[in-house]
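Anchor point for the sequence shown: position 64 equals 64 in our numbering, and the numbering is continuous, going up by one each time.
For glycine and all other residues, C-beta sits at the position ideal for the given N, C-alpha and C.
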Amino acid sequence: MKHYPDAQLLLELKSGDHRAFKEIYERYADKLIAFALKKTQNEEEATDMVQELFLSVWKNRYTIQVNGALEAYLMVSVNYMVYKWYRKQSTRPESLNSLAELPQVAEDSTAQKLSFAELSSLINQEIADMPEKMRQVYLYSREHDMNGQQIATELGISHQTVRNQISSALARLKKIVNAYNNVIPLHNIREFLLLLFFFNLL
Numbered sequence: 001m002k003h004y005p006d007a008q009l010l011l012e013l014k015s016g017d018h019r020a021f022k023e024i025y026e027r028y029a030d031k032l033i034a035f036a037l038k039k040t041q042n043e044e045e046a047t048d049m050v051q052e053l054f055l056s057v058w059k060n061r062y063t064i065q066v067n068g069a070l071e072a073y074l075m076v077s078v079n080y081m082v083y084k085w086y087r088k089q090s091t092r093p094e095s096l097n098s099l100a101e102l103p104q105v106a107e108d109s110t111a112q113k114l115s116f117a118e119l120s121s122l123i124n125q126e127i128a129d130m131p132e133k134m135r136q137v138y139l140y141s142r143e144h145d146m147n148g149q150q151i152a153t154e155l156g157i158s159h160q161t162v163r164n165q166i167s168s169a170l171a172r173l174k175k176i177v178n179a180y181n182n183v184i185p186l187h188n189i190r191e192f193l194l195l196l197f198f199f200n201l202l
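Listed below in structure tokens is the structure:
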């Protein structure tokens with residue numbers, strides 16, 4: 001199944017094919033662990049997160065819904081797990097220190113609630129709906145930590161095109177977030193901004 005596209009692997013997975021699951025794992029596990037490790041600086045936690053993610057994928061194989069690119073779905077899922085992990089820690093990344101001083105804002109009881117999972121789904125869907133080249137550039141930049149010149153070389157496009165694609169991708173994602181400026185699904189603004197940090201939207 002090594003030459004199967006992701007869409008075909010998903011179909012096989014939904015039929016309960018363990019070989020499809022194994023191929024998905026082998027295709028993305030190392031990449032996901034490296035991504036989580038970069039975020040957490042904790043190899044054991046990064047590995048556990050990815051193992052937990054794939055356990056969930058297998059457990060929900062008959063009902064899993066992936067609207068768009070599988071890689072984007074997995075990356076967003078791990079990103080969310082990293083966010084939850086940081087919330088449980090007594091310390092935070094240095095770049096988040098400024099958020100600690102933000103005032104607490106009461107949740108609007110009349111506003112429609114949007115859970116973390118739903119926001120993650122919205123972001124994942126928007127990434128999946130991007131034009132192919134834009135999605136590739138975004139994933140290389142945000143998930144694989146490649147700089148503009150590396151992406152340009154990898155995809156055979158100009159550095160300026162890479163910049164334009166990243167700018168457009170972020171604009172699309174921020175547009176989704178801005179649509180919920182008055183429907184914050186959390187207990188306060190600080191948590192909302194913290195989540196956006198982990199999705200690289202700020």
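Secondary structure of Gln41, DSSP reduced to three states: In the structure shown, Gln41 sits in coil (DSSP, three-state: anything other than H, G, I, E or B).
Tyr80, buried or exposed, once every other Cβ within 10 Å from all chains shown has been counted against 16: Here Tyr80 is buried: its Cβ has 16 or more other Cβ atoms, across all protein chains shown, within 10 Å.
Coarse secondary structure for Glu12, derived from DSSP in three states: Residue state for Glu12 is assigned as helix, using DSSP reduced to three classes.
Stretch-stretch touch, CB-based, cutoff 8 Å, three pairs: the segment 163–173 with the segment 130–143: Between the segment 163–173 and the segment 130–143, the count of Cβ pairs shorter than 8 Å is three or higher; the stretches touch.
Top-ranked residue by Cα proximity to Ala50, from Leu11, Leu74, Tyr4: The identity of residue 50 in the sequence shown is Val, whereas the question assumes Ala. Cα-wise, what sits closest to Val50 is Leu74.
As assigned by DSSP and simplified to three states, the class of Thr161: The answer is helix: DSSP assigns Thr161 an H, G or I state.
For Lys39 and Val82, believed in contact at Cβ under 8 Å, the rounded distance: Between the beta-carbon of Val82 and that of Lys39 there is about 5 Å, and that keeps the pair under the 8 Å contact cut.
Simplified DSSP assignment, three categories, for Tyr25: Three-state result, Tyr25: helix.
Cut-off 6 Å between Cβ atoms - residues of its own chain near Thr47, not counting five sequence neighbours on either side: Ile33, listed in sequence order.
Short Cβ contact (9 Å threshold) for Leu122 with Ile176: Leu122 is a Cβ neighbour of Ile176, given a cutoff of 9 Å.
Own chain partners of Val78 with C-beta closer than 7 Å, once the 5 adjacent residues on each side are dropped: Same-chain partners within the cutoff: Leu32, Phe35, Ala36, Met49, Val50, Leu53.
Burial state of Leu55, where buried means 16 or more other Cβ atoms lie within 10 Å: By the neighbour-count rule (16 or more Cβ atoms within 10 Å), Leu55 is not buried but exposed.
C-alpha gap between Gly16 and Val57, whole angstroms: Looking at the backbone, the Cα of Gly16 and that of Val57 are separated by about 11 Å.
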